[in-house]
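First up is the structure itself, then whatever we jot down about it.
Protein chains in written order, with my numbering: chain A, 8 to 118; chain B, 4 to 121.
Set out below in structure tokens:
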């Protein structure tokens, strides 16, 4: 079946440093969604990317969808302690409307 | 925005008993809900898709007789873990897709249920 891998698994940065997580799929992605899960919490939807090569920004967060629609990335500029959590990409199967989650990247930000 | 309420948030039960988890969409109708399982520091694994008024669709490897799903109304889906054993201990999360509004692409998740079987 489809495998959606994310790297790195874990990253610890100092506040103010940048952070990037990469999402790679074994098959072509339909629509990629990104979620953030705070420690002890539940996933919260951040954004959806649909088009090949698409780039979207939300304040300090930049999301990219690869040209071949097999990878995606999330970049955070100047991290803050509030960015702590696990970031998941997820492939949204348009046919069955279900999500296949990536392995996740856990971000820790030290003040 | 869309809100999904999940109860209970934590439950401890004895081995061999059954536990029911409820998932309600509070301000929208959800014809489809999804049930996930998450192990500590791991990703979310889709267990089943719950369809209102029909049988749930289970993912490969998930025992349908073990994890009973009922979606009797447009706002309520339940997951019953039957004859629970310690290996069923996990974090269970439901989700539904909101209808209407500018951010309808994303799925809204319940707050999750931490099940501990002793």
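Glycine included, C-beta positions come from ideal geometry on N, C-alpha and C.
Going by alpha carbons, who is nearest to residue 76 of chain B out of B/14, B/15, B/25? B/25
Just by C-beta distance, which residues in the segment 48-62 of chain B are closer than 7 Å to chain A? 49, 52
Taking only beta-carbon positions, decide if residue 15 of chain A is within less than 8 Å of chain B. no
Considering just the uninterrupted stretch of the beta strand (DSSP E) at residue 50 of chain A, what are its terminal residues? 50-56
Can you find a CB in chain B that lies within less than 8 Å of the CB of residue 36 of chain A? no
Considering Cα atoms alone, identify which of A/91, A/92, A/107, A/113 is closest to residue 98 of chain A. A/107
Going straight from the alpha carbon of residue 92 of chain A to that of residue 21 of chain A, what length do you get? 14 Å
Which whole-angstrom value is the C-beta distance of residue 98 of chain B and residue 37 of chain B, which I expect to be below 8 Å? 5 Å
For the beta strand (DSSP E) holding residue 88 of chain B, just list the boundary residues, first then last. Element bounds for residue 88 of chain B: n/a, residue is neither H nor E.
Kindly list the residues whose CB is nearer than 7 Å to the CB of residue 116 of chain A, restricted to its own chain and excluding five residues on each side of it in sequence; keep chain order. 20, 22, 86, 87, 88, 90, 91
By the DSSP assignment, the beta strand (DSSP E) with residue 88 of chain A in it spans what residues? Counting along the chain, residue 88 of chain A falls outside any beta strand (DSSP E), and DSSP gives it neither H nor E.
In chain A, what lies closer than 7 Å to residue 115 of chain B by C-beta? 49
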